[in-house]
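Have a look at the structure below, then the notes.
Numbering (our numbering), first residue to last: 4 to 471.
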């Protein structure tokens, strides 16, 4: 075990702790290398490759787990443009295509190009963030998705149907049943109770009283407001009002949520609480969410992917990690400059999907075959529900088999430190210093989501300025 005492860690700077991690990774490599001769099958060859991987410098070389669940495309936007204050918007778009700038068009015609040639897609269950400064076009783009703002050109395809081709009745039904909206200013009806505000969308849909009250109460419980259903907006704090707005959107059971600066009016501590609550709800409900914000740290914290906008265009789409470590241009570089990356990047960004796992019922000999065939020095042990149970090393398994043992849990190491997907890089460093094994990443249910290997972390620490 490392000589560094955990109690001493807070006294070190991040740079100092990075140095400790780098030294200890080298020590672990030496320790593992000395044990290679004890392995009696081809695992030793894979371990040599494993050691090489510990010294990778380029984050692009490292396989990672995805940040959103695999899913089909829910929303596809193609060539979307919006021109304001023009009697001939098509001519304006032709001028843009010919190379004219927005400022030139505004000066010559008085027309404003709000959006130009927007293309992106969102998967089912993804939390997709539209990020940009004031005037970048992010709110206009979100409102084009349900035609609160009518696009000038392009396509908005949701579940295979082009929203821009819907007639008035189809659009009304689409808005009522398929999309919920949450606004910055809450948009609550002051003369209605919390319960009646939450049930309002269902009332518009024509749902009978008993069913809408039941659905509204379920949504109220989901956002932690049970007991407040009889109160009025004037009796609520800002955070509680925002919860009511979120509950109203959830009550209709719409599969798409449009959230426009939903938390921007809240105090910082309340805003963080609401962000946590949204992430928790999303973990359970897996809605498709388009979230608009001007707050970069909020975008990086919430988004499975982020579309960074500037001057009516999307300049980069990517995960938080991709935008921070590989900005598309100078604008993005300036935009993310100064972000505290070690607090924003999380284990979710850098974890690897386990190459193999074994379940507690498979037996030691089966586990050895799996490690041999995959050239792995160890494998995570899970139960049938994918809950993490321990870490099984090849040499421990071999020794146990020689001793006549057959069950995996008789050889697996169970005193294993774990982290969750939201653990920051800064917090992860403290864990790496006091461990000498791959770190399992588990969710709140104890299910294995990925693994952190020390060598995977070093490129990010190097990028953040850590030195020897």
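For every residue, glycine included, the Cβ atom is placed at its ideal position computed from N, Cα and C.
- Listed as beta-bridge partners of residue 202 by DSSP are no residues whatsoever.
- Note: residue 81 is bridge-paired with 158 in the DSSP secondary-structure output.
- Straight through space, the alpha carbons of residue 398 and residue 376 are spaced by roughly 15 Å.
- Annotation: residue 101 is outside any beta strand (DSSP E) and is labelled neither H nor E by DSSP.
- Around the beta carbon of residue 336, a 10 Å sphere encloses fewer than 16 other beta carbons of the protein chains shown; the residue is thus reported as exposed.
- Around residue 359, the same chain offers 373, 377, 379 and 382 as residues with beta carbons nearer than 7 Å, after the five sequence neighbours per side are excluded.
- Collapsing the DSSP output to three states places residue 237 in a helix.
- Counting of Cβ neighbours within 10 angstroms places residue 135 among the buried residues, the total reaching 16 or more.
- Between residue 445 and residue 451, the C-beta spacing is below 8 Å.
- Distance between residue 456 and residue 420, taken at the CA atoms: about 13 Å.
- If you draw a 10 Å sphere on the C-beta of residue 193, you find fewer than 16 other C-beta atoms in it, and that means exposed.
- No residue range can be given for residue 389, since it is assigned to no beta strand (DSSP E) and is classified by DSSP as neither H nor E.
- Judged by DSSP in its simplified three-state form, residue 333 adopts helix.
- Note that the C-beta distance between residue 246 and residue 233 is not below 8 Å.
- Taking residue 166 as reference, the option from 427, 78, 143 and 84 with the minimal CA-CA separation is 78.
- Residue state for residue 316 is assigned as strand, using DSSP reduced to three classes.
- Taken through DSSP and simplified to helix, strand or coil, residue 308 comes out as strand.
- Residue 353 carries a helical assignment under DSSP once its states are collapsed to helix, strand and coil.
- With at least 16 other beta carbons inside 10 angstroms of its own, residue 201 counts as buried.
- Residue 440 and residue 87 have their C-alpha atoms some 58 Å from each other.
- With respect to the 8 Å criterion, residue 309 and residue 326 are classified as neighbours on the basis of their beta carbons.
- Relative to residue 123, the option among 371, 357 and 160 whose CA is nearest is 160.
- Between residue 422 and residue 90, the alpha-carbon positions lie close to 57 Å from each other.
- About 34 Å separates the Cβ atoms of residue 432 and residue 291, ruling out a contact at the 8 Å cut-off.
- Separation of the CB atoms of residue 145 and residue 261 is rounded to 5 Å, and the pair is thereby assigned contact status at 8 Å.
- Cβ-Cβ separation between residue 242 and residue 269: approximately 6 Å, consistent with a contact (criterion under 8 Å).
- A Cβ-Cβ distance of about 18 Å is found for the pair residue 121 and residue 182, leaving them out of contact under the 8 Å criterion.
- In this structure, the beta-carbon distance from residue 320 to residue 133 does not fall below 8 Å.
- Counting other Cβ atoms within 10 Å of its Cβ, residue 271 stays below 16 and is therefore classed as exposed.
- Nearest neighbour of residue 448 by Cα position, chosen from 302, 418, 386 and 402, turns out to be 386.
- Burial state of residue 340 is exposed, judged by a 10 Å Cβ sphere holding fewer than 16 other Cβ atoms.
- Inter-segment contact for the segment 359-368 and the segment 390-407 is present: three or more beta-carbon pairs are separated by less than 8 Å.
- The C-alpha of residue 362 is placed about 38 Å away from the C-alpha of residue 329.
- Under a 10 Å Cβ-count criterion, residue 129 is classified as buried, with 16 or more other Cβ atoms of the shown protein chains found around its own Cβ.
- Remark: C-beta atoms of residue 140 and residue 117 approach each other more closely than 8 Å.
- Ranked by how close their Cα comes to the Cα of residue 283, the residues 148, 425, 318 and 75 have 425 in first place.
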